[in-house]
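Per this note's numbering, the very first residue in the sequence shown carries number 11; after that it's consecutive.
The structure appears below as structure tokens.
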Amino acid sequence: MLHSLKTATLAAVMLLAAVATVHAQTATVDDTAKFLAGMMPSVDSPLAPLTKEPAWQRHAKFFDTAFGQLEQRQLSRIRAWVDTNLAAPKPTMFYMFSGPDFLYANAFHSKASTYVLSALEPVGSVPDLSRLPRGGIASALYNVERSLGSILSFSFFITKDMKTDLQAGQISGTLPILYVFLARSGMTVKSVSPISLDDQGAAYLAGENAGPNAVRGVRIMFAGSDGQEKTLYYFSTDLSNSGVKGSGFLKFCATLAPGNSLIKSASYLLHSGNFTTVRDFLLNNSATIIQDDSGIPLGYYSTKKWRFFPFGRYLGPIDEFPGRYQDSYAALFRRAQPIDFGIGYRWRTPETNLLLSVRLPDDGPASSDATSSTELPPPPPPRVRKPRPPADIGPQPRGGFFFWR
11 MLHSLKTATL AAVMLLAAVA TVHAQTATVD DTAKFLAGMM PSVDSPLAPL
61 TKEPAWQRHA KFFDTAFGQL EQRQLSRIRA WVDTNLAAPK PTMFYMFSGP
111 DFLYANAFHS KASTYVLSAL EPVGSVPDLS RLPRGGIASA LYNVERSLGS
161 ILSFSFFITK DMKTDLQAGQ ISGTLPILYV FLARSGMTVK SVSPISLDDQ
211 GAAYLAGENA GPNAVRGVRI MFAGSDGQEK TLYYFSTDLS NSGVKGSGFL
261 KFCATLAPGN SLIKSASYLL HSGNFTTVRD FLLNNSATII QDDSGIPLGY
311 YSTKKWRFFP FGRYLGPIDE FPGRYQDSYA ALFRRAQPID FGIGYRWRTP
361 ETNLLLSVRL PDDGPASSDA TSSTELPPPP PPRVRKPRPP ADIGPQPRGG
411 FFFWR
């Protein structure tokens, strides 16, 4: 009997040791995020030995340089602008047509506790990188670098390139980019969970069935250096009128409203009659809206409900978006304040435009100065140079602009 008990005890100990070993060999989501971002994972991570490979060391050096330059040229200046111009931020920030751009969401709204990003791109997945086949790590890291080329250079994604690069290997979708931006923003990733929304906006976690019209996404819990836990939602969803009509996405967002909104490099979709629902949602549920001219046309804002603070210089759309010039925008920007960073399609600082719209306390129904139809634009201004990346920022995005963000 005693011998049997000792045998059973020994077997249990060995089983626990085996489980512990397997657990230790599985990289945490935070270590995975740091590894993809070119930052050292924890010393006991199964990814730690892979940081000795030349491919990872080159990747880390590349990202150290690229993000260091971006911090100096863009992000630090955005944070300084925010400190001067934004007061009483809301806990929630909305970023429609964002792609996986947590980098600029955090730069403009670092004090938010809940981030809601949304775009067409699927969430994708990140496997256990320590178990990729030989040569798989180098390929995965290279594809991540390529997918980030345009946003590191211009401040926006070229979606066609990002889609191609992140379908070319073991990792896919927006999730690896979210990992990189969280890690490079100094965040610790706590957990990552799939999330679905039913047609009423109710959230379902852990693969629960949200119905036939479910909007699918990911919920990432993370914390900054102060230890405060925050939530990032990314939803893959169609934001056109027909897309949001049958989904619960905007109903879910309404439970988190009011928020602060960011719109940049949005392909002028909010100028279209096919995106009136999401445009109205932003106008009705935002305390502030930061946008470039690809966001909501000025004619849709009521001057009795909003106060405008223009920054930079308005030159009209770039050549890829003819017919979106706004006379009212041009008139507003004649009194614009200077800006020391570039944003959106006009990413060069002397050419950039940024509009901060602050919602005033409600004073009843919307006034007659809020139009309900797209402004008919005059002929566009003279053609100007297309965006090209700074010479020292790589990798260079490829041609074939299909959809900009």
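Beta carbons are placed, not taken as given, at the ideal position from N, Cα and C, and that holds for glycine.
Status (buried if at least 16 other CB within 10 Å, exposed otherwise) for residue i
i	result
R356	buried
R345	exposed
D54	exposed
R141	exposed
A276	buried
D236	exposed
L337	Before going further, note that residue 337 is Asp rather than Leu in the sequence given. Burial call: exposed.
K255	exposed
T247	buried
D329	exposed
P375	The predicted model places P375 with a pLDDT of 41, which falls under 50 and marks its position as unreliable; any figure quoted below should be read in that light. P375 should be labelled exposed.
T313	exposed
Q301	buried
S252	exposed
Nonlocal neighbours in the same chain, by C-beta distance under 7 Å from residue i, ignoring five residues either side
i	result
R334	Y278, H281, P327 and P387
G183	E131, P132, V133, G134, S135 and L176
L185	V133, G134, S135, V136 and V228
M50	K44 and T61
Beta-bridge partners of residue i, as assigned by DSSP
i	result
T124	T102 and T241
A213	L207
Q67	According to DSSP, which records beta bridges pairwise, Q67 is partnered with nothing at all.
L364	F321
Q301	I273 and L365
W316	R369
S296	G269
Under the three-state DSSP convention, the category residue i falls into
i	result
S203	strand
R229	strand
T286	helix
T247	coil
V39	helix
Q336	coil
R369	strand
Y311	coil
W91	helix
S135	strand
F107	coil
I273	strand
G78	helix
A129	strand
S86	helix
T198	strand
S235	coil
S149	helix
S182	strand
Proximity of residue i and residue j at Cβ, strictly below 9 Å
i	j	result
R323	F291	no
V133	V228	yes
F321	L365	yes
I230	S203	yes
S108	A115	yes
L127	F262	no
A297	P268	yes
A233	Y152	no
F45	L113	no
G305	A264	no
P250	N295	Checking the displayed sequence, the identity of residue 250 turns out to be Ser instead of Pro. Contact flag unset, no.
V39	S201	yes
A122	M103	yes
Y189	T42	yes
L370	R289	no
P56	A37	yes
H119	N363	no
Own chain, CB closer than 6 Å to residue i, minus 5 neighbours either side, in chain order
i	result
L325	E361
G48	H69, A70 and F73
Y105	A115, L127 and L272
I187	P110
Y125	M103, A115 and L242
Cβ-based neighbour list, residue i, same chain, cut-off 8 Å, excluding 5 preceding and 5 following
i	result
D208	Y214, A220, G221, N223, A224 and G258
D372	K315
A417	The first residue shown for the chain is 11 and the last is 415, placing residue 417 beyond what the model contains.
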